[in-house]
Amino acid sequence: MTRNILFCRMRVLFLFYLGFFCALFTFAQKASPIANLPSVEPLFIYDDGGSFDDDDIIKAALEFCECPLSSEEGQAVFLRYSNLKKSLVTPSFLALSQRERAEKILSTMYEKVLVAYKDGQTRINVTFADGSYNCVSSSVLYLALAKASALDVRGQVTPNHAFCTLYVTDSSAGAKTKVDVETTNPYGFDPGSKRNVQENSNGGQRYTIVPKRNYIGRYEVEDKIFVSLIGNNVAADYDKAGNWYKSVPMAGACVAFTQGCKDSSNRNREGFETACTNFVVSLQREKQFGRIVEWLDLVLARWGAEKKLKNTYENSVANYVVVLCKTGSFTAARECLDLRREKLDAQMQARIEQQIFESEVQWHLDASRNDDEAIAYLQSIRSSEMAQSSRNASKIKQRLEYYWVKKINAAQAEGDFLYAASIADEGLACVPGSGLILGAKKNCLRNYDSVFHNKFADLANKKRYEEALDVLNEGLRGNPESQTLKSDLKRLQKMMGME
């Protein structure tokens, strides 16, 4: 008996979508637009005439307090300061020892100005108005009065505190001894030493001791940097409140005021760049990406770019390019990049160029009306400069393979497997050596063979050999190299010889 011939199941090759990567950024919901932009100029430029004495300390402090000497309040504060120091510059006072003068200055401040400690009250004009103070405002006042009294006093800064240090000269040897002055305490001269407060009712003495502190991270700064702590704090307060129209110019004033000073912490520059960056973030929330770049262009032209601000600038340009690409504005995106190349490092330039290229490719493919249009576009860009990198060449190849296999599968879905195989040949001419397209072609021919094999099997099983032979010959005319149909033919010939 002849064994029944098994039927073949047709197969279709499926291909997952291979898309270009496009880094898109998500932002908060759009709010009302910002009307204007902060000035990139410093709030003020202070001219000390080549010297920086105690009067300059107070005048500059008033500028940082937004209470300049030219204002009525500024004049009143400066007059109070001038009257305060009169008693501290008399011949009799200057005849006192350095320690005595330094300690007396602190007690005078508490007798005539300082009333209550208030954390965050850094403005010296407010200190004179209501007596409130913090470490910065009290230390700056002490610095000015001590210098007016011919003392060698210098500002000290830690990450969270400010105070003063007196350099006392030993009259016998000429060596200098450092004495800290904690200005937030009326007994803060030389912390750790015993202070005589007052006599008690029995004629005895009462003493107090301000504990000596080990200030972690302390470092000494120049007078201008110490005074600029006021502006730095004021700018930080505005920054926290989201008022960058005041924080940026104030932070810029701190940088301009201390230009040329040595500051290992780079506190003022960091504060300025933080204010600029935070303002940029606020504009991002408003989706005003173009204005961000335009404003940062002005900032960099005025102040230059250091690490943090440079990163903010480069990322802002990249973000703006993404937005332009999303709307199909590829010419504008390239112009944005070309205008700013000298401000971007090579790596960022390459990243943005890649972004534009990938976005434009995706844009055109999405706009293609059919697979042939998409293939024609991909072919047209294969010779472009950007397409020569191994990464982009590979992506274009993958895309071409995707569209060719899509066309092949569409033809197979209509049952025209030989036509589908001919499409595969076109695809192989377009993408030589493509294993994916070659696999699709083989699949087409297998499906073609399956059609004729199944017809043959049906007829052969019914012993209708002549008809089965006609079917196999027809199939081999379409695919002469079919091993399946050749094998079927041999089997049929054997079966016909047995009858």
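Sequential numbering from 0 applies to the sequence shown in numbering that gives the first Met the number 0. For every residue, glycine included, the Cβ atom is placed at its ideal position computed from N, Cα and C. Owing to the predicted nature of the structure, the values given are computational and were not obtained by experimental measurement.
At a cut of 8 Å, does the stretch 416–425 reach the stretch 435–444 through at least three beta carbon pairs? yes
Using only CA atoms, which one of F356, S246, I57 and Y80 lies nearest to V320? F356
With the cut-off set at 7 Å, would you say R339 and V322 are in Cβ contact? no
What did DSSP end up calling L165 once you bin it into helix, strand or coil? strand
Roughly how many angstroms lie between the CA atoms of S486 and F416, to the nearest whole one? 20 Å
Since Y116 sits in a beta bridge, which residues does DSSP pair it with? Y132
Less than 7 Å between the C-beta atoms of I104 and L78, yes or no? Contact check for I104 against L78 fails: the beta carbons are separated by 7 Å or more.
Compute the beta-carbon to beta-carbon distance between G270 and A240, rounded to the nearest angstrom, for a pair I have assumed lies under 8 Å. The C-beta distance from G270 to A240 rounds to 15 Å, too long to fall under 8 Å, and the pair is not in contact.
With a CB to CB cut of under 6 Å and the five nearest residues on each side skipped, what residues in its chain are close to G73? L61, C66 and P67
What are the complete alpha helix (DSSP H) segments, minimum 4 residues, inside the stretch 439–495? 464–477
Do you know offhand how far R490's Cα is from S358's? 57 Å
One or two residues paired with V156 in a DSSP bridge: A161 and Y218
Check whether the stretch 462–472 and the stretch 402–416 touch, using three or more Cβ-Cβ pairs below 8 Å as the test. no
For V247, the first and last residue of its enclosing alpha helix (DSSP H): W243 to F256
Hey, out of A101, G434 and K223, whose CA is closest to D55's CA? Among A101, G434 and K223, the Cα nearest to that of D55 belongs to K223.
Using 10 angstroms around the beta-carbon of L42, count the other beta-carbons present and answer buried if the total reaches 16, otherwise exposed. buried
Check the DSSP bridge columns for D365 and list the partner residues they point to. Note: D365 sits in no beta bridge, so no partner.
Taking Cβ to Cβ, would you say L228 is nearer than 7 Å to A161? yes
F77 - DSSP class collapsed to helix/strand/coil: Secondary structure at F77: helix, using DSSP grouped into helix, strand and coil.
Which same chain residues, not among the five before or five after K501, have their C-beta less than 7 Å away from its C-beta? Beyond the ends of the chain as shown, which are 0 and 498, falls residue 501; an answer cannot be given.
So is P190 buried or exposed if we call it buried at 16+ other beta carbons inside 10 Å? buried
Limits of the alpha helix (DSSP H) - the one that K342 falls within: Per DSSP, K342 belongs to no alpha helix (DSSP H) and is neither H nor E.
Expected contact under 8 Å - CB spacing of P248 and S38 to nearest Å: 5 Å
Leaving out five residues on either side along the sequence, give the residues of the same chain with a beta carbon under 7 Å from the beta carbon of F26. With a pLDDT of 31 at F26, under the threshold of 50, the modelled position of this residue cannot be trusted; read the value that follows with caution. Correct list, in chain order: Q283, R284 and K286.
Are there 16 or more other CB atoms within 10 angstroms of the CB of P479, so buried, or fewer, so exposed? Taking all protein chains in view, the Cβ of P479 is surrounded by fewer than 16 other Cβ atoms within 10 Å, so the residue is classified as exposed.
Do you know offhand how far D371's Cα is from L377's? 10 Å
Which of helix, strand or coil DSSP assigns to F43: coil
Would you tell me roughly how many angstroms separate the C-alpha atoms of V430 and F451, rounded to the nearest one? 30 Å
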